[in-house]
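A quick write-up on the structure given underneath.
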Amino acid sequence: MPEGLQILIENFFDWDSALRAWPLLAQGLGLTIGLAAVALPLGLLLGLLIGLGCALGGRLARAALIVWIDLFRAFPVLVLLILIFYGLPFLGLRLPAFAAAVLALVLNNSGYFGEIFRAGLASVPQGQREAAAALGLTPLRAAWLVVLPQALRGVAAPLASNSLELVKATSVAALAALPELLRSARVAQEQTYNPTPLMMAALLYFVLLWPFAHLVARLERRMLAREAR
Amino acid sequence: MRGAKHGRGMSGFAEHYLNLEVLAQYGPGILGGLWVTLGVAAATVIIGIGFGLLLAVLLAARIALLRWPIVAWIEAFRTLPQLAVIIFVYFGLPYAGVTVSPFWATAGALGAVLSAFAAEIFRSAIQALPSGQWDAAAALGLRFRATFFLVILPQAVRLAVPLLTNRAIAIIKGTALGTAVSLPEILGRAQSAMAIAANPSPLTLAAALYLVLFLPLVVASRWLEASRVVPR
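So the protein lines, in turn, are chains A and B. Counting in the working numbering, the first sequence runs from 13 upward without gaps. Counting in the working numbering, the second sequence runs from 126 upward without gaps.
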């Protein structure tokens, strides 16, 4: 084996370092999954409420919600997290790192999910709502039973794509001192003096997320094929 | 000490979050970070879209030897978190003998991520075009290369623009992640100013600057989306 390659393998795939780093990384992986498991449903729910508010609310409510959506789409999630985690304590409000990360992810994604649901609901023809009303359904029941199912089919691709982005974004919690996967890898790297833990974190992210990335790619391809016709 | 400074009500709020003294002292430095943010964003878009288009064209050319490396690149950088890529480039690559500045670590990592998404979007758009386009070009006597570059690619690029715009905006918002590798952009400078001044006003300024930068992009992408006619 060429010497350069040998050194590369020893650095990036060192077995002893991998064994030493594993407990930290496993704990970090658990925290990453925990963050995603809390933030994703909350983000989806808040986004759905915002989308429904846009569809059912009056002009003023819709305008206010669109301002909300665009504000939170414009803020990088890390800026939100830093504001919440390092800025709010000056007001006397000190959130634990986990809660701060969840709040930043949920607020940021309420903008993205809100816009997706809003656009999806708006794409369902008005006649569907009128037909539901003619059948005696209340506006809320019409939205839930008639409009929403049709809207969801149209926005499956962006919903899946954004859910994946939310899970990936949990890694920014590393910068609020939360020992999720990425931060655990950095801590482990400082103990092992080589990049094997970083390599392992990358592999863990890949194994965890690739099936979803693959699904997103398929949904997006289908959407483009529909538009090209 | 700091506890004693906690004011009550609006004046206390302003003293903390809109402290003019603090802003006068640290504002110019943070504004300087704007140029770093813009520089990284521009480099990311140029690297990402340019390289992504190149990858898509190479894939379409069906060069067997290049197919798997390109597919692996696309899958890896679509899947990994941006921050993980930045950290890996900055703290991992030196072990492979490659040392990069914070600027190029951030722009290179974000560019790699954008290139993967762009390549996938271009590839999907090329495949999504009806095969009649190829047949029609063949019927006109165009060869493969002429068909691809004159007929297919222009239509594919047009089809790809909305998805690509949204993705590019989402990724250049990641310039703030450069803070993790001590890139002196807006957020990093605001954070150190906040630590020195023991006051979060620099953070307020940073947040305002990000809004000024990204809100127009978000609103523009809304218009782009609305003006797109989707035939069903």
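By construction, the Cβ of each residue, glycine as well, lies at the ideal position given by its N, Cα and C atoms.
Proximal residues of chain A, C-beta to C-beta of residue i below 7 Å
i, result
"S249 (chain B)", "E232, R233, L236"
"I195 (chain B)", "Under the 7 Å cutoff, chain A gives no residues; its nearest Cβ is about 14 Å from I195 (chain B)."
"R203 (chain B)", "A225"
"I174 (chain B)", "In chain order: nothing, as chain A lies at least about 17 Å away."
"P227 (chain B)", "Within 7 Å Cβ-Cβ: nothing; P227 (chain B) doesn't reach chain A, min ~15 Å."
"F213 (chain B)", "L210, A214"
"A209 (chain B)", "S183, L194, A213, A214, Y217"
Beta-carbon gap between residue i and residue j smaller than 8 Å
i, j, result
"T300 (chain B)", "T162 (chain B)", "yes"
"S122 (chain A)", "L58 (chain A)", "yes"
"G65 (chain A)", "F125 (chain A)", "no"
"L210 (chain A)", "A197 (chain A)", "yes"
"R85 (chain A)", "E127 (chain A)", "yes"
"A188 (chain A)", "F97 (chain A)", "yes"
"T272 (chain B)", "S346 (chain B)", "no"
"L184 (chain B)", "I174 (chain B)", "no"
"R141 (chain A)", "V114 (chain A)", "no"
"P207 (chain A)", "F24 (chain A)", "yes"
"F339 (chain B)", "K298 (chain B)", "yes"
"A225 (chain A)", "L37 (chain A)", "no"
"L83 (chain A)", "A116 (chain A)", "no"
"R130 (chain A)", "G70 (chain A)", "no"
"A244 (chain B)", "G177 (chain B)", "yes"
"I199 (chain B)", "A241 (chain B)", "yes"
"A186 (chain B)", "I246 (chain B)", "no"
Separation of residue j from residue i, as counted between CA atoms
i, j, result
"A318 (chain B)", "S326 (chain B)", "9 Å"
"R192 (chain B)", "N120 (chain A)", "36 Å"
"L193 (chain A)", "E177 (chain A)", "16 Å"
"W34 (chain A)", "R248 (chain B)", "38 Å"
"G132 (chain B)", "L330 (chain B)", "A caution first: G132 (chain B) carries a pLDDT of 46, below 50, which makes its placement in the model too unreliable to give a value."
"P412 (chain B)", "S173 (chain A)", "What is shown of chain B runs 126 to 357, which leaves residue 412 (chain B) out entirely."
"W27 (chain A)", "Y205 (chain A)", "13 Å"
"P137 (chain A)", "Q252 (chain B)", "29 Å"
"L152 (chain A)", "L77 (chain A)", "18 Å"
"E140 (chain B)", "A181 (chain B)", "53 Å"
"L342 (chain B)", "L17 (chain A)", "44 Å"
"A163 (chain A)", "A48 (chain A)", "25 Å"
"R32 (chain A)", "V199 (chain A)", "12 Å"
"F218 (chain A)", "Q201 (chain A)", "19 Å"
"F102 (chain A)", "Y335 (chain B)", "21 Å"
"V223 (chain B)", "G40 (chain A)", "27 Å"
"Q280 (chain B)", "A322 (chain B)", "54 Å"
"E350 (chain B)", "L179 (chain B)", "26 Å"
"I296 (chain B)", "L328 (chain B)", "21 Å"
"E22 (chain A)", "I81 (chain A)", "48 Å"
"L236 (chain A)", "D260 (chain B)", "20 Å"
"T150 (chain A)", "A197 (chain B)", "51 Å"
"A30 (chain A)", "R195 (chain A)", "16 Å"
Rounded distance between the beta-carbons of residue j and residue i, thought under 8 Å
i, j, result
"L221 (chain A)", "A169 (chain A)", "Rounded, the Cβ-Cβ distance is 17 Å, inconsistent with contact."
"L157 (chain A)", "L302 (chain B)", "At roughly 42 Å, the Cβ-Cβ gap does not stay under 8 Å, so L157 (chain A) and L302 (chain B) are not in contact."
"T304 (chain B)", "G236 (chain B)", "Wrong, their Cβ atoms sit about 18 Å apart, outside the cutoff."
"V238 (chain B)", "Q207 (chain B)", "5 Å"
"V210 (chain B)", "F202 (chain B)", "7 Å"
"L95 (chain A)", "A332 (chain B)", "6 Å"
"R292 (chain B)", "G158 (chain B)", "With 8 Å as the limit, R292 (chain B) and G158 (chain B) do not qualify as a contact, their Cβ atoms being about 24 Å apart."
"L43 (chain A)", "L190 (chain A)", "7 Å"
"A67 (chain A)", "A155 (chain A)", "6 Å"
"F213 (chain B)", "L308 (chain B)", "Going by Cβ atoms, the distance from F213 (chain B) to L308 (chain B) rounds to 15 Å, so no, they are not a contact pair."
"V282 (chain B)", "A262 (chain B)", "Not quite, the Cβ-Cβ distance comes to about 16 Å (not below 8 Å), so this is no contact."
"S175 (chain A)", "L52 (chain A)", "6 Å"
"V79 (chain A)", "G132 (chain A)", "Going by Cβ atoms, the distance from V79 (chain A) to G132 (chain A) rounds to 20 Å, so no, they are not a contact pair."
Contact set between residue i and chain B, taken where Cβ atoms lie within less than 7 Å
i, result
"I128 (chain A)", "Going along chain B, no residue has its Cβ under 7 Å from I128 (chain A), so there is no contact; the nearest lies around 11 Å."
"R106 (chain A)", "Those do not exist, as R106 (chain A) stays about 12 Å from chain B at its closest Cβ, beyond 7 Å."
"L20 (chain A)", "A221"
Listed by chain order, chain A residues near residue i by CB distance under 8 Å
i, result
"Q316 (chain B)", "I94, Y98"
"L180 (chain B)", "Near L180 (chain B) there are no residues of chain A at all, since even the closest Cβ is about 14 Å away, more than 8 Å."
"L328 (chain B)", "I94, L95, Y98, G99"
"G158 (chain B)", "Under the 8 Å cutoff, chain A gives no residues; its nearest Cβ is about 12 Å from G158 (chain B)."
Proximal chain C residues relative to residue i, where beta-carbon distance stays under 8 Å
i, result
"A189 (chain A)", "Judged by its chain identifiers, the structure shown contains no chain C, and its protein chains are A and B."
The ligand MN heavy atom lying under 7 Å from the CB of residue i
i, result
"S183 (chain A)", "Ligands in the displayed structure: none, and consequently the ligand MN is not present."
Amino acids of chain B, ordered along the chain, whose beta-carbon sits closer than 9 Å to that of residue i
i, result
"N121 (chain A)", "Going along chain B, no residue has its Cβ under 9 Å from N121 (chain A), so there is no contact; the nearest lies around 12 Å."
"F24 (chain A)", "G217, Y220, A221"
"P11 (chain A)", "An answer regarding residue 11 (chain A) cannot be provided, because it is not within the stretch 13 to 241 covered by chain A."
Cross-chain neighbours of residue i in chain B, by beta carbon under 8 Å
i, result
"D82 (chain A)", "L340, V343, V344, R347"
Beta-carbon neighbours of residue i, restricted to chain A and to distances below 9 Å
i, result
"T304 (chain B)", "L90, I94, L187"
"Y335 (chain B)", "A86, F87, P88, V91"
"L312 (chain B)", "P88, L90, V91, I94"
"G164 (chain B)", "Here the premise fails: no neighbours, minimum Cβ distance about 16 Å."
"P309 (chain B)", "Neighbours of P309 (chain B) on chain A: none; closest Cβ ~15 Å, over 9 Å."
"A331 (chain B)", "V91, I94, L95"
Legend entry - Any alpha helix (DSSP H) of 4 or more consecutive residues that is wholly inside the stretch 170-254 of chain B: If only uninterrupted alpha helix (DSSP H) runs of at least 4 residues are considered, those enclosed by the stretch 170-254 of chain B are 189-204, 207-212, 227-253.
Inset, instruction - Would you list, in sequence order, the uninterrupted alpha helix (DSSP H) runs of no fewer than 4 residues that lie entirely inside the stretch 14-102 of chain A? - result: If we require 4 residues or more, the alpha helix (DSSP H) runs fully inside the stretch 14-102 of chain A come out as 15-24, 27-68, 71-86, 89-94.
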